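Following: one structure in structure tokens, then a few remarks.
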Amino acid sequence: MCEDLRRAVVESEQRVAPLRISFDALARSFAQRGRELDQLKTERYLSHQELHRLRYSHAAYAKELALLRAERDLLCRNRQAQLIHFINFVLGLSPSVELANDKRRREQ
């Protein structure tokens, strides 16, 4: 009877061995998938941070560009006013005519 019991235990171990190997392989596969998922989460987080940094940088550049354009427009208007004043001076127009011309230009 002891011998039968030992034989049954050995046979059970032999039948369970492939299942144990399969289970170990499955456990390793799950662990690998978990590591890959963690790596993807890390990469996504870093990409999100980079995207946020780029958006902030883009907004700052857009604001700076708007300020430069406003400054350019102001300088152009200033230059035009100086040129008109010079032309009126050369043509000998009175300051009242110049003021009327300035008012008309502003209305346009």
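Quick note on numbering: the sequence shown equals residues 1236 to 1343 in our numbering. Every residue, glycine too, gets a C-beta built ideally from N, C-alpha and C. Computed from a predicted model, the values in this text were never measured in an experiment.
Could you tell me the alpha carbon to alpha carbon distance between A1262 and L1281, rounded to whole angstroms? Taking the straight line joining both Cα atoms gives about 29 Å.
Helix, strand or coil for G1269 per DSSP? In this structure, G1269 counts as helix in the three-state DSSP scheme.
Pairwise C-alpha distance: H1287 and Q1317: Looking at the backbone, the Cα of Q1317 and that of H1287 are separated by about 45 Å.
Distance, S1264 Cα to R1236 Cα: Position check: residue 1236 holds Met in this sequence, whereas Arg was assumed. If you take the alpha carbons of M1236 and S1264, they lie about 42 Å apart.
Taking the alpha-carbon positions, what's the A1260 to Q1267 distance? Looking at the two C-alpha atoms, the distance is approximately 10 Å.
Out of curiosity, what's the CA-to-CA distance linking R1270 and R1307? Whole-angstrom Cα-Cα distance: 55 Å.
For the candidate residues R1312, L1326, I1319, C1311, whose alpha-carbon lies nearest to that of N1336? Taking N1336 as reference, the option from R1312, L1326, I1319, C1311 with the minimal CA-CA separation is I1319.
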